[in-house]
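Enquirer:
Residue numbers (this note's numbering): 144 to 332.
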């Protein structure tokens, strides 16, 4: 016979899993809802594309997860990029979205979740936070997938940090899906 504590733990996990599923939220913070068919996506797709990117002219930063590249945009024109990135790995994917907003910046941020090989908190220099769950642009080793963040080489991370301000719009997309959606084709990932 199972103990009451074991049954409570299992029940608790089932309740959390059910709530997560009902809310359309992945445990890594990745939305399971179809971001390409949302009202926000429709608004983004109604805008012109910033030339050379898969994002709308109203975005200040653009990330294409398919090509692993990012851009800075001002007044509908690319001011930096494309620059290479590393995005989230399996189970910790970088979330897709058309209207993330920069909400915090920290030049000398260190991770509260991950430690480096030396056992110290993993550095996240030039961090620009834009999505729930602590998802940020930051400097780091692009040879390793992130835990949902967008890692940049240090000079690029510093440029993104210096250029972006609180409230700036960030779009994270898959270029081929964006192209289909803008062409009126059914969006599928």
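By construction, the Cβ of each residue, glycine as well, lies at the ideal position given by its N, Cα and C atoms. None of the values given here were measured: they were computed from a predicted structure.
Might you give, ordered along the chain, the residues of its own chain that have their beta carbon closer than 8 Å to the beta carbon of residue 250, omitting 5 neighbours on each side?
Expert: 268, 269, 270, 304, listed in sequence order.
Enquirer: Taking residue 314 as part of the beta strand (DSSP E), name the residues at either end of that continuous run.
Expert: Run containing residue 314: 312-316, per the beta strand (DSSP E) assignment.
Enquirer: When the distance is taken between beta carbons, is residue 209 closer than 9 Å to residue 308?
Expert: no
Enquirer: Decide if the region 271-283 is in contact with the region 292-299; the criterion is three or more beta carbon pairs, one per stretch, under 8 Å apart.
Expert: yes
Enquirer: With a threshold of 7 Å on Cβ separation, who are the neighbours of residue 188 within its own chain once the five nearest residues in sequence on each side are excluded?
Expert: Closer than 7 Å at the Cβ level, and outside the excluded window around residue 188, lie 324, 325.
Enquirer: If we count Cβ pairs, one from each stretch, closer than 8 Å, do we get three or more for the region 223-238 versus the region 287-294?
Expert: When C-beta atoms of the region 223-238 are compared with those of the region 287-294, three or more pairs fall below 8 Å, so the two segments count as touching.
Enquirer: Return helix, strand or coil for residue 215, following the three-state DSSP convention.
Expert: strand
Enquirer: Measure the Cβ-Cβ separation of residue 193 and residue 221 and say whether it is below 9 Å.
Expert: yes
Enquirer: With respect to the beta strand (DSSP E) encompassing residue 278, which residues constitute its N-terminal and C-terminal limits?
Expert: 278-282
Enquirer: Have a look at residue 266 and residue 276 and give me their C-alpha separation to the nearest angstrom.
Expert: If I take the Cα positions, the gap works out to 17 Å.
Enquirer: Can you tell me which of 288, 311, 260, 263 puts its alpha carbon nearest to the alpha carbon of residue 272?
Expert: Ranking the options by Cα distance to residue 272, first place goes to 311.
Enquirer: Starting from residue 183, trace the beta strand (DSSP E) in both directions and tell me its first and last residue.
Expert: First-last for residue 183: 182-189, but that is the alpha helix (DSSP H), not the beta strand (DSSP E).
Enquirer: Rounded to the nearest angstrom, what separates residue 258 and residue 288 at their Cα positions?
Expert: 15 Å
Enquirer: According to DSSP, is residue 194 part of a helix, a strand, or is it coil?
Expert: coil
Enquirer: Ends of the alpha helix (DSSP H) at residue 300?
Expert: 297-306
Enquirer: Are the beta-carbon atoms of residue 212 and residue 191 separated by less than 9 Å?
Expert: no
Enquirer: Give every residue of the same chain whose Cβ lies closer than 6 Å to the Cβ of residue 202, excluding the five residues on either side of it in the sequence, and list them in chain order.
Expert: Excluding positions up to five away in sequence, the list reads 216, 312, 314.
Enquirer: Does residue 201 come out as helix, strand or coil in the three-state DSSP assignment?
Expert: coil
Enquirer: Are there 16 or more other CB atoms within 10 angstroms of the CB of residue 231, so buried, or fewer, so exposed?
Expert: buried
Enquirer: For residue 200, which residues of its own chain have a beta-carbon under 6 Å away from its beta-carbon, when the five flanking residues on both sides are left out?
Expert: 190, 191, 193, 219
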